[in-house]
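Here the structure comes first, spelled out in structure tokens, and everything after it is commentary.
Numbering (full-length UniProt numbering), first residue to last: 1 to 180.
In structure tokens, the structure reads:
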């Protein structure tokens with residue numbers, strides 16, 4: 001996922017190294033929870049895809065993709081659940097700690113934490129990075145939602161779920177049978 005970032009993103013070696021560090025601290029934090037790690041990696045892969053079509057800060061968007069669900073373990077520990085609201089409450093302090101541990105700039109930390117704090121809130125943040133994160137997370141989470149549904153129903157779900165045109169096109173490519 002981060003090993004082959006598209007040239008169009010114009011990331012320098014230092015930024016790529018930083019993003020690798022963020023990926024590593026996310027994986028370390030989730031530990032043996034392969035499901036959460038895989039989800040974060042899948043969402044981040046879609047973030048990278050969408051960044052090729054949407055003008056946004058790639059470092060912010062990729063960090064948010066990697067860390068958007070980082071509050072789940074703490075939410076489960078505190079509340080016995082990991083619904084969207086509890087993730088939004090517990091995620092920012094953990095994201096802040098992890099980003100600080102890898103030497104992130106305070107302004108980057110603030111923006112990523114705002115995204116993590118709103119990633120289940122429609123229209124939570126008015127930024128291209130938020131819209132990318134929203135669609136990338138939806139692209140992964142829609143698998144269970146559209147399963148077994150007719151194409152017309154899938155198209156309706158995608159139309160309501162996606163907030164960017166590139167996200168919608170990618171969702172159609174993934175979830176609608178060829179020729180629809």
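Glycine included, every Cβ here is placed at the ideal spot set by N, Cα and C.
- For residue 128, the closest of 155, 64, 101, 146 by C-alpha to C-alpha distance is 64.
- Counting C-beta atoms within 10 angstroms of its own C-beta, residue 7 has fewer than 16 neighbours from the protein chains shown and is therefore classed as exposed.
- Contact between residue 154 and residue 168 does not hold, since the beta-carbon distance rounds to 12 Å and is not under 8 Å.
- By the Cβ-count criterion, residue 119 is buried, with 16 or more other Cβ atoms from all chains shown falling within 10 Å of its own Cβ.
- In the three-state DSSP reduction, residue 12 falls in the coil class, being neither helix nor strand.
- If you draw a straight line from the Cα of residue 43 to the Cα of residue 32, it comes to about 19 Å.
- In chain order, 135, 138, 139, 142, 158, 161, 162 place their CB closer than 8 Å to the CB of residue 171, counting only its own chain and leaving out the 5 sequence neighbours on each side.
- Residue 132 sits in a helix when the DSSP states are folded into three classes.
- Looking at the backbone, the Cα of residue 18 and that of residue 125 are separated by about 24 Å.
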